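**Student:** Per the UniProt record's numbering, residue 1 is the first one in the sequence shown, and the count goes up by one each step. Mind having a look at this structure? Questions to follow.
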Amino acid sequence: MFQILVREKKRRAISPLFLAVSAAAHIAIFGGVMYAAAGEPDTPQETVRDVWEIPNIPTKAPEPPQVDPVETQTPEDPAPEAPVVGQTLVLQPPTEVPDVIAPPRANETPITQAMVSGIGKPGDVIGTPDPADTQPATGNTDPGTPVKPGDWVPGEGDVDELPTLERNGLARLMERNYPQQLRDARVSGRALVEVIVDPDGRVRPGSAKVIETSHPAFEDATLRAAERFRFRPAKIAGMVVPVKVAIPVVWTTSD
Numbered sequence: 001m002f003q004i005l006v007r008e009k010k011r012r013a014i015s016p017l018f019l020a021v022s023a024a025a026h027i028a029i030f031g032g033v034m035y036a037a038a039g040e041p042d043t044p045q046e047t048v049r050d051v052w053e054i055p056n057i058p059t060k061a062p063e064p065p066q067v068d069p070v071e072t073q074t075p076e077d078p079a080p081e082a083p084v085v086g087q088t089l090v091l092q093p094p095t096e097v098p099d100v101i102a103p104p105r106a107n108e109t110p111i112t113q114a115m116v117s118g119i120g121k122p123g124d125v126i127g128t129p130d131p132a133d134t135q136p137a138t139g140n141t142d143p144g145t146p147v148k149p150g151d152w153v154p155g156e157g158d159v160d161e162l163p164t165l166e167r168n169g170l171a172r173l174m175e176r177n178y179p180q181q182l183r184d185a186r187v188s189g190r191a192l193v194e195v196i197v198d199p200d201g202r203v204r205p206g207s208a209k210v211i212e213t214s215h216p217a218f219e220d221a222t223l224r225a226a227e228r229f230r231f232r233p234a235k236i237a238g239m240v241v242p243v244k245v246a247i248p249v250v251w252t253t254s255d
């Protein structure tokens, strides 16, 4: 009984006014917090970014495509032509006039008049060429057809002086060889005969050949007369040489 009374006294000690004031205070605090949370605007947060300064680096131009170099072959100088062995030298004038004439070489064979006689096959050297001689050829470098010594005879255009027919005794020679039938018929004519005149001025035996004639009877007569012709021989560089020439022969009666 005593305990119950005490509890009742304790319960009655909490005043309704106190409770009302306490509740009002809690409500006010809670409302203020809610108001503050609802009315306070959101503050945007600043975004921090790192800024890097990039230097102005010049751009490199693209390299041109590589082209493989083309190999060019340098033409080689032609090898000097070997000297041609001949029976007579063909001397050529120099292309350029030298300021100073070089002295002759000690071992060099001097050129004699016989070497430039014009008799035989023309060439750069006489005899066997020296294998150590590398000088370019200066004369005729065309070997041509090999000829035997004495076979080659220059023509009319190869000599400096043509042979001259001796007139002494020529009229009597022609009269003796005139065809008798043509003489009696008083027939004149002509013939062209080719002969080789040797350095002694005589016609080489067997070399006479009639090229043309106005009458067949004059052919044999011309050959007989031509083989007995005498000449002043042809010359090359002042030396007498054989030569092949064509001689016109005219046949006329003396009456």
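For each residue, glycine too, the CB sits at the ideal point set by N, CA and C. Remember, predicted model here, so these are calculated numbers, not experimental data.
Helix or strand or just coil, what does DSSP make of ARG228?
**Tutor:** Working through the sequence shown from its first residue, we reach residue 228 at position 228. If DSSP states are grouped into helix, strand and coil, ARG228 belongs with coil.
**Student:** Give a single yes or no on whether ALA208 has its beta carbon closer than 6 Å to a heavy atom of the ligand MG.
**Tutor:** Of ligands this structure carries none, so the ligand MG is not represented either.
**Student:** What's the C-alpha gap between ALA234 and GLU194?
**Tutor:** For the purposes of this step, residue 234 is identified with residue 234 of the sequence shown, where counting begins at 1. For the purposes of this step, residue 194 is identified with residue 194 of the sequence shown, where counting begins at 1. Near 15 Å, if we compare the C-alpha coordinates of GLU194 and ALA234.
**Student:** Where does ASP142 land, buried or exposed, given buried means 16+ other C-beta within 10 angstroms?
**Tutor:** Taking the sequence shown and counting its residues from 1, one reaches residue 142 at position 142. Reliability fails at ASP142, whose pLDDT of 47 lies under 50, so the model's placement of it is uncertain and the value that follows must be treated cautiously. The residue is exposed, with fewer than 16 neighbouring Cβ atoms inside 10 Å.
**Student:** Mind checking ALA191: buried by the 16 CB within 10 Å criterion, or exposed?
**Tutor:** Numbered from 1 along the sequence shown, position 191 holds the residue referred to as residue 191. Flag for ALA191 reads buried.
**Student:** Helix or strand or just coil, what does DSSP make of PRO143?
**Tutor:** Numbered from 1 along the sequence shown, position 143 holds the residue referred to as residue 143. Residue placement at PRO143 is poorly supported in this model, since its pLDDT is 45, which falls under 50; the coordinates are not used for a value here.
**Student:** For THR253, which of ARG204, LEU165, ASP158 and ARG176 has the nearest alpha-carbon?
**Tutor:** What you label residue 253 is simply residue 253 of the sequence shown in a count that begins at 1. Nearest of ARG204, LEU165, ASP158 and ARG176 to THR253, Cα basis: ARG176.
**Student:** According to DSSP, what are the bridge partners of PRO248?
**Tutor:** Translated into the one-based positions of the sequence shown, residue 248 becomes position 248. Answer is LEU192, bridged to PRO248.
**Student:** What residues in its chain sit with their C-beta under 7 Å from that of PRO199, if we drop five residues either side in the sequence?
**Tutor:** Position 199 of the sequence shown, counting from 1, holds the residue named residue 199. Excluding positions up to five away in sequence, the list reads PRO233, VAL240, VAL241 and PRO242.
**Student:** Can you check whether the CB of ARG230 is closer than 7 Å to the CB of GLY201?
**Tutor:** As a working mapping, residue 201 is identified with position 201 in the sequence shown. As a working mapping, residue 230 is identified with position 230 in the sequence shown. Yes, the pair counts as a contact, with Cβ atoms nearer than the cut-off.
**Student:** Exposed or buried, what is ALA221 when buried is set at 16 or more other beta-carbons lying within 10 Å of its beta-carbon?
**Tutor:** Locating residue 221 in the sequence shown gives position 221, where the first residue counts as 1. So ALA221 counts as buried.
**Student:** How about ALA171: is its C-beta nearer than 7 Å to some C-beta of chain B?
**Tutor:** Although the question refers to chain B, the structure presented lacks it and comprises just one protein chain.
**Student:** Ends of the beta strand (DSSP E) at ALA237?
**Tutor:** Taking the first residue of the sequence shown as 1, we reach residue 237 at position 237. Per DSSP, ALA237 belongs to no beta strand (DSSP E) and is neither H nor E.
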